[in-house]
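Top to bottom, those sequences are chains E and U.
Residue numbers for the first sequence follow our numbering, so the first one is 200 and each next one is one higher.
Residue numbers for the second sequence follow our numbering, so the first one is 200 and each next one is one higher.
For every residue, glycine included, the Cβ atom is placed at its ideal position computed from N, Cα and C.
There are 2 protein chains.
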Amino acid sequence: MTAVYVIGAGMTQFKPHPQTEVHELARQAAWAAIGSSGVEPRKIELAYAGHAYQGQCFGQKVLLRIGVTGLPVVNCENACASGSSAVWGVFNAIKAGQADIGIAIGAEKLASAKGGFTPLVADDLESSLGRVMPSVFAMMARAHMERYGTTVEQLARIAVKNRHNGVRNPYSPWRDEITVDQVLSAPMIAEPLTRLSCCPVSDGAAAVILASERLAKTYTSNPVELRAAVLGSGIANGVGMADDHSEMTIRAAKRAYEIAGIGPEDIDLCELHDPFTIAELVHCEDLGFCPPGEGGRYVDEGRFDLGGEVAVSPAGGLLSRGHPLGATGVAQIAEMFWQLRGEAGARQVPGAKVGLAHTVGGGVTGIEAGATSVMILVK
Amino acid sequence: MTAVYVIGAGMTQFKPHPQTEVHELARQAAWAAIGSSGVEPRKIELAYAGHAYQGQCFGQKVLLRIGVTGLPVVNCENACASGSSAVWGVFNAIKAGQADIGIAIGAEKLASAKGGFTPLVADDLESSLGRVMPSVFAMMARAHMERYGTTVEQLARIAVKNRHNGVRNPYSPWRDEITVDQVLSAPMIAEPLTRLSCCPVSDGAAAVILASERLAKTYTSNPVELRAAVLGSGIANGVGMADDHSEMTIRAAKRAYEIAGIGPEDIDLCELHDPFTIAELVHCEDLGFCPPGEGGRYVDEGRFDLGGEVAVSPAGGLLSRGHPLGATGVAQIAEMFWQLRGEAGARQVPGAKVGLAHTVGGGVTGIEAGATSVMILVK
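So, in structure tokens, the structure goes:
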């Protein structure tokens, strides 16, 4: 089977875009990705579009705005892993020899369209009684603190690190660094998580162009291989079930490492699912970057910093770039593309050769069964 | 690449199911499909779930109810072609060698959950001014009548034929035959389409199990090959643009015939996208079963009857089985499975060897760009 390469990427800034409709945001991202790849729009053979709330036939509508139609377009949803699922769909189609060039698009308007809240599942009893996302992750934090002695300062340092990275990323809306004290004294959302421990609610879009080995090198001498793309399902985190880790992430990561023929020690940078500080900590452990329970210490020692052993959330992560659901998983692949080509500017991870992208969708309150994706990219 | 076979199918009756939640409907269909295939649930390697309105991580929730988790699950949406897109996704993954056994699930609750109406696109000006589905298809009917001399009696005969088939299908809610006079004198919905010219609003679910050549024959000596599965995109019908045919259907059908190595003259039975009588007529022409404009005459001559040249809508079609959006495309494949194995009971198409399934999603009012799928199955 052919190798699959990323040959182009584009995205909008992640922030409230009250004046721009979501199809236009996605069009901008797709157009930027196409432009950066050098592929003629009509040469795109297949598309997946990931989103959670943007209505029917979203991908077709976006592509029609750039004059691309006729091709197979699948709109896919996997909650916060919707964008990753779109990348996975295109990756598979190219692996299968059904297309040589495909586009994955992800987009969401949350900040503008939904009044600042991620809509809950209307008929879910637990959500309606307050088991909303911040409280789920607060319970996860409490469990981790109880079990391993993780501290609120360690969690706050993750927010500080990701903001430090985010202010270096022009796609992030943040321009000011923050301190541990600021994180700890910010308004409490769900104890121990303050407002600065939670990702902002954003609008945004991202797109990547994937190509088969046969064609990738006709477009660029500098492609990035998407070596493994694993999609799994299960329960995201066993919060309330005496387990503060993500079994489905652990399984998907194991499989991705097997496919790529590398281990966590080889990863130079990682964009993972960090809607809350605790999620980054737990996922660093789940992905094998440190032993379970050691995440706090690794954060203290700066091992996940831009210059550390694994640069985690070099673009700012969900925490400091934002999390427009469908866009996130695609934006991660875009970031990997730029980082592994050495084009990430002020947030560049020095000497980055191998990257890992990870998302989790659903699997918690109101969405009892969810999705996870782990992708490994190699320069 | 491996051939892909259908080795199991299941569905619920299509009708209002006010007491049953949609995940339970889908579970019933999936369980029936799994049971009919003989596959152990844990051997299912991949799933696609098609729906338009059923919330996040739908497929994962359904599969968790039968103890299936961990596998890749993609939820996909392509309006009325959502179910077909799910089948297409599984077909592709098996073709790609990424799975040997996969399940496609489709489901929707419209009659119960949405108060009897297909929700419109909220911000679409044309829809809000009355350009809703019945009026779009009424314009299509008027254009066809004007151009080709098609009559309201010919259109009514399609409803009569499909009801005749539907009453022989235990999955259809209808038990009474209807006459041309009844169709013509039913309450007018959008002239010339009366209530009996329009599909009912239903709840329902369907599922099929697909397998690679390597494994299909270990489960059944009687598999049905899914020889071609083509997904296209474009404008569904150029209503209001002086064209009453579906260019994207014509293109997808051409490609599917090429892949399958057969022509329309080889098709014994066809389940197509007939939410309104006129749609069946137009699509029979688009799929090549008769020359453009000749559909009415072919209907008069009984050529699309169960015993005719091509049995069109042998299960009753959308018109007389119902159209729970996500379920429809999967139900078509289930019907092909039963028909081509000679298991379709009172609605059996005699000697059926080759079947074609066709859906159209979006591409009209409020959803300007849509999807189409054409699949060819062979015994």
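For Ser371(E), which three-state DSSP category applies? coil
Q.
Among Phe336(E), Gln253(E), Pro386(E), Ser445(E), whose alpha-carbon lies nearest the alpha-carbon of Leu486(E)?
A. Ser445(E)
Exercise. Give, in chain order, every residue of the region 293-310 of chain U whose Cβ lies closer than 8 angstroms to some Cβ of chain E.
Key: Lys294, Ala295, Gly296, Gln297
| message | Just to make sure I have the definition right: I need the residues of chain E whose C-beta is within less than 7 angstroms of the C-beta of Gly433(U). Which are they? | response | Thr268, Gly269
query = Quick one, which of Val335(U), Val267(U), Val407(U) has its alpha-carbon nearest Tyr204(U)'s?
reply = Val407(U)
Query raised in the report: By DSSP, does Ser519(U) sit in helix, in strand, or in coil?
Result: helix
- Query: So, do the region 457-469 of chain U and the region 297-311 of chain E have three or more beta carbon pairs nearer to each other than 8 angstroms?
  - Reply: no
Review point. Can at least three beta-carbon pairs, one atom from the region 248-263 of chain E and one from the region 214-234 of chain E, be found at a separation below 8 angstroms?
Key: yes
Give me the subset of the region 527-554 of chain U whose CB atoms are less than 8 angstroms from a CB atom of chain E, sorted by chain position. none
#### Entry: For Lys308(E), the three-state DSSP class (helix, strand or coil)
strand
Requested in this report: Find the nearest neighbour of Ala168(U) within the set Val577(U), Leu392(U), Ala358(U), judged by alpha-carbon distance.
Outcome: This structure leaves residue 168(U) out entirely; chain U is present only between 200 and 578.
**Item:** Among Arg394(U), Ala248(U), Arg367(U), Gly329(U), the one whose alpha carbon lies nearest that of Ala355(U)
**Value:** Arg394(U)
Check: Where do the N-terminal and C-terminal ends of the alpha helix (DSSP H) with Asn364(E) fall, by residue?
Finding: 351-365
- Query: Does the distance from the C-beta atom of Leu430(U) to that of Ser327(U) stay below 8 angstroms?
  - Reply: no
Residues bridged to Gly403(U) [DSSP beta-bridge criterion]: Glu307(U)
task: Could you please give me the residues that DSSP links to Ile208(U) through a beta bridge?
output: The sequence given here places Ala at residue 208(U); Ile does not occur at that position. Val407(U).
Practice task
Grab the span of the alpha helix (DSSP H) containing Cys489(E) for me, first residue to last.
Solution key: Run containing Cys489(E): none; DSSP gives neither H nor E here.
**Classification of Ser384(E) by the beta-carbon crowding that lies within 10 angstroms, buried from 16 upward** = exposed
Quiz item: Is the shortest distance between the beta-carbon of Gly282(E) and the beta-carbons of chain U less than 8 angstroms?
Solution: no
Considering only DSSP beta bridges, list what Ala556(E) is partnered with. Glu470(E), Met574(E)
Would you kindly work out how many angstroms separate the C-alpha atoms of Gly554(U) and Ala405(U), rounded to a whole number?
-> 18 angstroms
Exercise for the section: Step through the CB atoms of chain U and report whether any lies within less than 8 angstroms of the CB of Gly560(E). Expected result: yes
Is there at least one Cβ from chain E nearer than 8 angstroms to Gly234(U)'s Cβ? no
* To do: Could you work out which residues of chain E lie near Leu430(U), taking near to mean beta carbons separated by less than 8 angstroms?
  => Pro271, Val272, Val273
Using a Cβ-Cβ distance under 8 angstroms, would Glu276(U) count as near chain E? yes
### Task
Run down chain U in chain order and give the residues with a C-beta less than 8 angstroms from the C-beta of Gln218(E).
Under the 8 angstroms cutoff, chain U gives no residues; its nearest Cβ is about 15 angstroms from Gln218(E).
Query raised in the report: Mind pulling the chain U residues with CB within less than 9 angstroms of Arg226(E)?
Result: Chain U residues near Arg226(E): none, gap ~12 angstroms exceeds 9 angstroms.
- Ordered along the chain, which non-local residues of its own chain (more than five positions away) have a Cβ less than 7 angstroms from that of Ala340(U)? Leu354, Pro391, Leu392, Ile477
Using CA atoms only, rank isn't needed, just tell me which of Glu457(U), Gly569(U), Arg546(U), Asp473(U) is closest to Met447(U). Gly569(U)
Endpoints, the alpha helix (DSSP H) within which Ser432(U) is located = Ser432(U) -> not in any alpha helix (DSSP H); beta strand (DSSP E) instead, spanning 423-433.
Exercise. Counting along the chain, where does the beta strand (DSSP E) carrying Met387(E) start and finish?
Worked result: 387-389
Requested in this report: Determine the contact status of Thr349(E) and His472(E), defining contact as a CB-CB distance below 8 angstroms.
Outcome: no
- Opening and closing residue of the beta strand (DSSP E) in which Ala452(U) lies: Per DSSP, Ala452(U) belongs to no beta strand (DSSP E); it is in the alpha helix (DSSP H), 446-459.
Chain U residues whose Cβ lies nearer than 7 angstroms to that of Cys256(E) = Asn277, Ala278, Gly560, Gly561, Ile566, Ala568, Gly569, Ala570
Tell me, please, whether the CB atom of Gly582(U) is closer than 8 angstroms to any CB atom in chain E?
-> Past the boundaries of the shown model lies residue 582(U); chain U is included only from 200 to 578, so the question cannot be answered.
Note to self: When you compare the region 359-366 of chain E with the region 518-525 of chain E, are there three or more beta-carbon pairs, one atom per stretch, that lie closer than 8 angstroms?
What the structure shows: yes
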